[in-house]
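Encoded as structure tokens, the structure appears first; notes follow it.
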Amino acid sequence: MAKATPYSYAPIRPNQLRLLKFVRDETSVSAVLKTFSLDQPLPPYHSLSYTWATDGALLSRGWNILINKQQLLVLDTLQPFISVLRSKGELLDGTWWWIDSICINQSDLEERAQQIQHMQYVYGNADRVIIWLGEESNDSNLAMEFVRHLDKISREKYHIDKLRAMLQTDEYLPQWAALKNLLSRRWWSRMWSVQEFVLPPSISFWCGTRNASRVAVCRTLSTADKCTSVGIKQTPGFTLGNNRRRARGLYKALKNGKANVILSLPALAAYFSCMNATDDRDRLYGLMGLCTDKSLLEVDYFLSTEEVYLGFAQAFITQYKSLDIISFASIYSGPSESWPSWVPRWQKGEALVVPLMVSQSSKTQIGNLRTPPALEADPSVCYAASGNTEAICKLEGSRLLARGVVIDTVDGLAASKHFDLVQSSTWTSGEMPDSFFSPKDILTSVCRSVVLDRKDRYLRYSMPTGEFFRDFLQLIACLMTETHRDNPQELQEWYSWTRNLKIQGHSFESIVHQMLRSGIDTQNSTPNQDEYYHDTFFGRFFDTVVRMSLRLMVTRGGHVGMVAEKAKKGDLVCMLYGCSVLVLLREDKDRGGFAFISECFLDGYMDGQGLMHDKDSERIFCII
102 MAKATPYSYA
112 PIRPNQLRLL
122 KFVRDETSVS
132 AVLKTFSLDQ
142 PLPPYHSLSY
152 TWATDGALLS
162 RGWNILINKQ
172 QLLVLDTLQP
182 FISVLRSKGE
192 LLDGTWWWID
202 SICINQSDLE
212 ERAQQIQHMQ
222 YVYGNADRVI
232 IWLGEESNDS
242 NLAMEFVRHL
252 DKISREKYHI
262 DKLRAMLQTD
272 EYLPQWAALK
282 NLLSRRWWSR
292 MWSVQEFVLP
302 PSISFWCGTR
312 NASRVAVCRT
322 LSTADKCTSV
332 GIKQTPGFTL
342 GNNRRRARGL
352 YKALKNGKAN
362 VILSLPALAA
372 YFSCMNATDD
382 RDRLYGLMGL
392 CTDKSLLEVD
402 YFLSTEEVYL
412 GFAQAFITQY
422 KSLDIISFAS
432 IYSGPSESWP
442 SWVPRWQKGE
452 ALVVPLMVSQ
462 SSKTQIGNLR
472 TPPALEADPS
482 VCYAASGNTE
492 AICKLEGSRL
502 LARGVVIDTV
512 DGLAASKHFD
522 LVQSSTWTSG
532 EMPDSFFSPK
542 DILTSVCRSV
552 VLDRKDRYLR
562 YSMPTGEFFR
572 DFLQLIACLM
582 TETHRDNPQE
592 LQEWYSWTRN
602 LKIQGHSFES
612 IVHQMLRSGI
622 DTQNSTPNQD
632 EYYHDTFFGR
642 FFDTVVRMSL
652 RLMVTRGGHV
662 GMVAEKAKKG
672 DLVCMLYGCS
682 VLVLLREDKD
692 RGGFAFISEC
702 FLDGYMDGQG
712 LMHDKDSERI
722 FCII
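The sequence shown begins at 102 in the numbering used here and counts up by one.
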């Protein structure tokens, strides 16, 4: 028998795609690959979502299928799926399939770019999408059964206390462990799998021979979100799954005609920044089937990663006359000094849970992945550090020349998990008039700063000053008594990091003592200490300090705010025209410009107060 020749793809036009059908062959896995026009109705077909490599393994094409009697090397990860299809009697049932590694000529960069434009259509119009999580393991069946169990429980709509009493027990420890393992499978961290989860009308998850619906998986994630003591919420797999659930909810609302729904590419790229991508350009390209602003970016695999990211940032600034996108560079910084400090790299080791300030719900250029019930927002609640101004800037290659003004300078920084205390040095208590120092005013400012002056995670409503300040004082007061061990460990750590920071010449601890001596109302109910309730002081504290790793800051002018962990004494707090939040810039005299550090909250300066300056103080910042 003559050896089969390697398969050679015939070119296809931009408005075409290929579909695959397995055919009977006694000795090999054989199929036909047929080209269809998107201008005509496609035959019913199934789409497959899977990984190109298994956990801990490299991508490998160690076997082949026959197409028109020619050999096509196929990914190893497809072999067990095809075996399961055969065992279910579905391999030769005449079904057309769309499988990306086979139906797209992956060696043709131009074809890849063209086919990416069709992903929304391919997954949105498939009559069935199967997500292949991989082969059966020693606890995968237990995990899939637990998914069905949690789906059933969620339908009962139990109160959260009863739900926790039922599920946060030793009886369910094996099930929670199995679910963690299921969510840690490689598929959950694959960039392209995000849109493959969100777009299809119907999805079935397969793991070995077991299956579960997307509805069941989403209800499982929602239920697990409420079970804060079982440890699953701290795992990357849970966060990636839960972010998918929220993206799916918004996409459904968008398809149903909700007027205020956006799925911006910056928001999607931020929430899924810790995904695995063989090609870093796919951190943007792999989400374009979902986003509502795809006109900002063209798929071009002939551009380098830096060129793609730089071009996207430039397009955003030009389109919206806004500099808000540079805030993402504070958490997605470049790999070296050669990477522009203001251009987000869209890659991070840990999944994003809490949106940045520029992702506030009242502005539509970026937004966030809040659930459909949280779409309502107060449009008047909006960070507007530069008012309603447009960006006054110029792009010179990779340098951003932006007009703005220095508001203040970082003087002191509270300690954090990874950084020591940096003491403020401008103020001394002996130099300050008594009338200037007000413990209540300072502590109110600290409270506002810790929660970024917002009531909820999605920045929809202003901080309720009376309620949050009362909770703040009660929680801090408990730390100073013998009952402090009953307080959350995270709050105890924050207090130990912050107690010695001097604000206007007085340590935070001494300011609290002075406030407590004046008497506070402790007769109210105990403040919430459950991070699940993110519309409380403690929930907001948990988001900003624990999840976002922000640290308390005091400026030379005695103002209080919150900044990224990597902020340093001497960083400039700046207002840039066209940026809704303040930013930190750090002068780099050797390179002749300023490095962008992070977005910045400065109490009293987030609503355009920085515009009330002498025009002579304006300057052009060359951000390198």
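Glycine residues also receive a C-beta, built at the ideal position from the N, C-alpha and C atoms.
Exposed or buried, residue i, counting other C-beta atoms within 10 Å across all chains shown (16 or more means buried)?
i      : result
Thr566 : exposed
Leu574 : buried
Arg446 : buried
Gly498 : exposed
Arg287 : buried
Phe403 : exposed
Pro367 : buried
Ser525 : buried
Glu212 : buried
Ser303 : exposed
Ser536 : Unreliable placement is indicated for Ser536, whose pLDDT of 41 sits below 50; the coordinate value is still reported in the next sentence. Ser536 should be labelled exposed.
Gly338 : buried
Pro534 : Because the pLDDT of Pro534 is 43, which lies under 50, any placement of that residue in the model is unreliable, and the number read from its coordinates should be weighed accordingly. Exposed, because fewer than 16 other Cβ atoms sit within 10 Å of the Cβ of Pro534.
Glu451 : exposed
Ala360 : exposed
Is the separation between the beta-carbon of residue i and that of residue j shorter than 7 Å?
i      : j      : result
Leu369 : Leu351 : no
Asp509 : Val674 : yes
Phe722 : Ala486 : no
Asp394 : Ser374 : no
Ala794 : Ser460 : A query on residue 794 cannot be resolved here, the shown segment of the chain reaching from 102 to 725 and no further.
Met245 : Ala313 : yes
Asp557 : Asp636 : yes
Tyr484 : Val185 : no
Leu176 : Arg187 : no
Gln215 : Ile205 : no
Arg657 : Asp672 : no
Gly505 : Leu677 : yes
Gly679 : Glu491 : yes
Glu666 : Phe520 : yes
Phe570 : Thr545 : yes
Val507 : Lys670 : no
Ser431 : Gln466 : no
Asp572 : Phe638 : yes
Gly513 : Gly709 : no
Measuring alpha carbon to alpha carbon, tell me which of the options ends up nearest residue i.
i      : options                           : result
Asn601 : Ser626, Ala516, Gly163 and Glu666 : Ala516
Arg720 : Gly705, Cys701, Phe695 and Glu700 : Phe695
Leu283 : Ser238, Arg561 and Tyr273         : Ser238
Thr178 : Val318, Leu149, Asp194 and Glu191 : Leu149
Arg555 : Asp542, Arg320, Asn343 and Ser481 : Ser481
Ala475 : Val362, Phe123 and Tyr421         : Val362
Leu355 : Glu212, Leu470, Asp380 and Tyr421 : Leu470
Leu457 : Cys308, Asp383 and Arg561         : Arg561
Thr527 : Asp209, His660 and Ala414         : His660
Tyr596 : Ser626, Leu653, Leu139 and Ser285 : Leu653
Ser138 : Arg119, Arg349, Arg641 and Gly709 : Arg119
Val409 : Pro275, Gly195, Asp380 and Gly235 : Asp380
Leu121 : Asp140, Ala154, Ala105 and Leu193 : Leu193
Val248 : Glu438, Asp228 and Trp277         : Trp277
Asp542 : Phe123, Ile612 and Arg382         : Ile612
Ile604 : Pro540, Asp201 and Leu576         : Pro540
Ile493 : Asp425, Gly468 and Val547         : Asp425
I believe residue i touches residue j by the beta-carbon criterion, under 8 Å. Please report the beta-carbon distance rounded to the nearest angstrom.
i      : j      : result
Gln221 : Gly390 : 4 Å
Phe697 : Ser290 : No, Phe697 and Ser290 are not in contact; Cβ-Cβ is about 28 Å, not under 8 Å.
Asp691 : Ile725 : In fact, because the Cβ distance is near 10 Å, the residues do not count as touching under 8 Å.
Ser650 : Lys518 : 7 Å
Leu167 : Ile203 : About 12 Å separates the two Cβ atoms, so there is no contact after all.
Arg265 : Lys327 : 7 Å
Ala95  : Leu397 : With the chain running from 102 to 725 in the structure shown, residue 95 is simply not present.
Ser330 : Gln420 : Rounded, the Cβ-Cβ distance is 45 Å, inconsistent with contact.
Leu251 : Thr321 : 4 Å
Verify the CB distance criterion: does residue i have a CB-CB separation below 7 Å to chain D?
i      : result
Pro473 : Although the question refers to chain D, the structure presented lacks it and comprises just one protein chain.
By DSSP's criteria, residue i is part of a beta bridge. Which residues make up the other side?
i      : result
Ser699 : Leu685
Ser563 : Arg555
Asn239 : Note: Asn239 sits in no beta bridge, so no partner.
Gly509 : Reading off the sequence, residue 509 comes out as Asp, not Gly. Per DSSP, Val674.
Pro107 : Gln172
Phe137 : Leu118
Glu497 : Arg500
With hydrogens ignored, establish whether the beta-carbon of residue i is closer than 6 Å to any heavy atom of the ligand ADP.
i      : result
Ser303 : Judged by which ligands are present, the structure shown has none, so any question about the ligand ADP falls away.
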